[in-house]
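First residue of the sequence shown? That's 75 in my numbering, and the numbers climb one at a time after it.
All C-beta atoms in this analysis are idealised placements derived from N, C-alpha and C, irrespective of residue type, glycine included.
It should be emphasised that the depicted structure is a prediction, and the values quoted were computed from it without experimental measurement.
In what follows, a single structure is set out as structure tokens and then discussed.
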Amino acid sequence: MLQNTARSAPADFLPIYLSRGAIGEQLIGHLNPDFTTYLQESLQKESIPLIAISHDKLTIQLGKPKDLSNSLYQLANRMRVGGFIPGWRNEDFAWVDQNGHKYFRMERAAFRTFGFRSMATHINGYTQSNTIWLGRRSETKPTDPGKLDNLAAGGITADETPWVSARRELWEEAGVPEQIAEQIEPVGRIHMRRPSLNRGFHDEQLYIYDLELSDNFVPMNHDGEVSGFIEISLAEAAARILADEFTSDAAFVTADFILRRNK
Numbered sequence: 075m076l077q078n079t080a081r082s083a084p085a086d087f088l089p090i091y092l093s094r095g096a097i098g099e100q101l102i103g104h105l106n107p108d109f110t111t112y113l114q115e116s117l118q119k120e121s122i123p124l125i126a127i128s129h130d131k132l133t134i135q136l137g138k139p140k141d142l143s144n145s146l147y148q149l150a151n152r153m154r155v156g157g158f159i160p161g162w163r164n165e166d167f168a169w170v171d172q173n174g175h176k177y178f179r180m181e182r183a184a185f186r187t188f189g190f191r192s193m194a195t196h197i198n199g200y201t202q203s204n205t206i207w208l209g210r211r212s213e214t215k216p217t218d219p220g221k222l223d224n225l226a227a228g229g230i231t232a233d234e235t236p237w238v239s240a241r242r243e244l245w246e247e248a249g250v251p252e253q254i255a256e257q258i259e260p261v262g263r264i265h266m267r268r269p270s271l272n273r274g275f276h277d278e279q280l281y282i283y284d285l286e287l288s289d290n291f292v293p294m295n296h297d298g299e300v301s302g303f304i305e306i307s308l309a310e311a312a313a314r315i316l317a318d319e320f321t322s323d324a325a326f327v328t329a330d331f332i333l334r335r336n337k
């Protein structure tokens, strides 16, 4: 599990740079070598503004956010047509720099294909009886179907803050009403980086929240992305982590929660 928190991209992945002119280039992504030939041929046939590819890198020229987003949408759509972006969602993520500035938005399913850093929220739902609620991902999910997840978790869309996203996910995935969801406590942030099987590179900042639930609260899914919920002890949660029943992200978030509760 720990090896999934800060892995470098494989050496044969094509680096993706954001060119800032006189300021220089910033590494912002990585492209699976299985995708590069198709993309090189596609861009040779028909170029895309602000996008250039060579044998050793893909360069994105800095432009106005709207112009850059339009070019990257074209790029993502080309990869979609080529079959390299499964699970297209018609929902945007934003690429945000270390200062919190949004430079472009792009179809969320394309972020892993290009190895761009995305953001997500994960909420630990626990009770005074020292149990934790976990959701089981729907078998129809394109990523980690059937795996255990936190009470609620999901990507932060381009127009959301982590706080807004967490409360939305709590309602959609677990049926937590607003008056309870607004009691979430921010507890930290975890950076996950790892190759994504047959897709690209997963690079995501996880914003972590804890939420205390009453002993009689029972989660109820609203969006079809969760097949059911279980309420278990922290010891059983730890055993299930070791048995590889969790998604990688939820395993680390849950392990962090267990360690904090047992201090």
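Could you tell me which of Gln135, Phe185, Lys119 sits nearest to Ile125, measuring between CA atoms?
-> Sequence index remark: in the sequence shown, residue 125 carries index 51 (1-based). With distances taken between Cα atoms, Ile125 lies closest to Gln135.
For Ser322, is the beta carbon positioned less than 8 Å from some heavy atom of the ligand COA?
-> As far as ligands go, the structure on display features none, and thus does not contain the ligand COA.
Would Glu97 be called buried (16 or more neighbouring beta carbons within 10 Å of its own) or exposed?
-> Position 23 of the sequence shown, counted from the start, is the residue given in the question as residue 97. Note on identity: in this sequence residue 97 is Ile, with Glu being the wrong assignment. With fewer than 16 other Cβ atoms within 10 Å, it is exposed.
State the Cα-Cα distance for the pair Asp130 and Pro107, rounded to the nearest angstrom.
-> One-based indexing of the sequence shown puts residue 130 at position 56. One-based indexing of the sequence shown puts residue 107 at position 33. For Asp130 and Pro107, the distance between alpha carbons rounds to 11 Å.
Check whether Leu225 and Val250 have beta carbons under 9 Å apart | Within the sequence shown, numbered from 1, the residue matching residue 225 stands at position 151. Within the sequence shown, numbered from 1, the residue matching residue 250 stands at position 176. A Cβ-Cβ contact shorter than 9 Å links Leu225 with Val250.
My understanding is that Leu92 touches Thr110, with C-beta atoms under 8 Å, so please give their C-beta distance in whole angstroms.
-> Position 18 of the sequence shown, counted from the start, is the residue given in the question as residue 92. Position 36 of the sequence shown, counted from the start, is the residue given in the question as residue 110. Cβ-Cβ separation between Leu92 and Thr110: approximately 18 Å, too far for a contact (criterion under 8 Å).
Completely contained alpha helix (DSSP H) runs for the region 154-239, where each covers 4 or more residues | Qualifying alpha helix (DSSP H) stretches, in chain order: 184-188.
Grouping DSSP H, G and I as helix and E and B as strand, with all else coil, what is Glu120?
-> As a first step, residue 120 must be located in the sequence shown, where it is residue number 46. Coil, per DSSP.
Beta-carbon proximity list for Trp169, same chain, < 6 Å, skipping 5 on both sides | The residue you call residue 169 lines up with position 95 of the sequence shown. Cβ contact annotation for Trp169 (same chain, cutoff 6 Å, sequence separation greater than five): Tyr177, Phe178, Phe190, in chain order.
Proximity winner among Ser270, Arg182, Asn164, Pro139, relative to Arg81 (alpha-carbon distances) | Here residue 81 refers to the residue found at position 7 of the sequence shown. When the alpha-carbon of Arg81 is set against those of Ser270, Arg182, Asn164, Pro139, the nearest one is in Ser270.
Counted within 10 angstroms of its Cβ, other Cβ atoms place Asn336 as buried (16 or more) or exposed = For the purposes of this step, residue 336 is taken as the residue at position 262 of the sequence shown. Counting Cβ neighbours within 10 Å, Asn336 comes out exposed, since fewer than 16 surround it.
What's the gap between the Cα of Gly262 and the Cα of Phe275?
-> On the sequence shown, residue 262 is found 188 positions in, with the first residue counted as 1. On the sequence shown, residue 275 is found 201 positions in, with the first residue counted as 1. About 23 Å.
Work out the CA separation of Ala232 and Arg242 for me, nearest whole Å.
-> Your numbering for residue 242 matches position 168 in the sequence shown. Your numbering for residue 232 matches position 158 in the sequence shown. Distance between Arg242 and Ala232, taken at the CA atoms: about 14 Å.
Just confirm the distance between the C-beta atoms of Glu247 and Val300, as a whole number of angstroms; I'd bet it's less than 8 Å.
-> Here residue 247 corresponds to residue number 173 of the sequence shown, with the count starting at 1. Here residue 300 corresponds to residue number 226 of the sequence shown, with the count starting at 1. With a contact defined as Cβ atoms closer than 8 Å, Glu247 and Val300 qualify at about 5 Å.
Ala311 to Gly157, Cα distance in whole Å?
-> Counting from one through the sequence shown, the residue named residue 311 turns up at place 237. Counting from one through the sequence shown, the residue named residue 157 turns up at place 83. The C-alpha of Gly157 is placed about 37 Å away from the C-alpha of Ala311.
Start and end residues, alpha helix (DSSP H) containing Thr328 | Position 254 of the sequence shown holds residue 328. Run containing Thr328: 322-335, per the alpha helix (DSSP H) assignment.
Is there a Cβ from chain C that is less than 9 Å from the Cβ of Pro107?
-> Absence of chain C from the displayed structure is noted, only one protein chain being present.
Alpha carbon to alpha carbon, how far is Leu222 from Tyr112? Give it in angstroms, no decimals.
-> Position 38 of the sequence shown, counting from 1, holds the residue named residue 112. Position 148 of the sequence shown, counting from 1, holds the residue named residue 222. If you draw a straight line from the Cα of Tyr112 to the Cα of Leu222, it is about 35 Å long.
For the candidate residues Val155, Ala150, Asn295, Thr133, whose alpha-carbon lies nearest to that of Ala183?
-> Numbered from 1 along the sequence shown, position 109 holds the residue referred to as residue 183. Minimum Cα distance to Ala183 is reached at Ala150.
Could you work out which residue in Glu99, Gln202, Met193, Ile206 is closest to Val238 when comparing CA atoms only?
-> In the sequence shown, counting from the first residue as 1, residue 238 sits at position 164. For Val238, the nearest C-alpha among the options comes from Met193.
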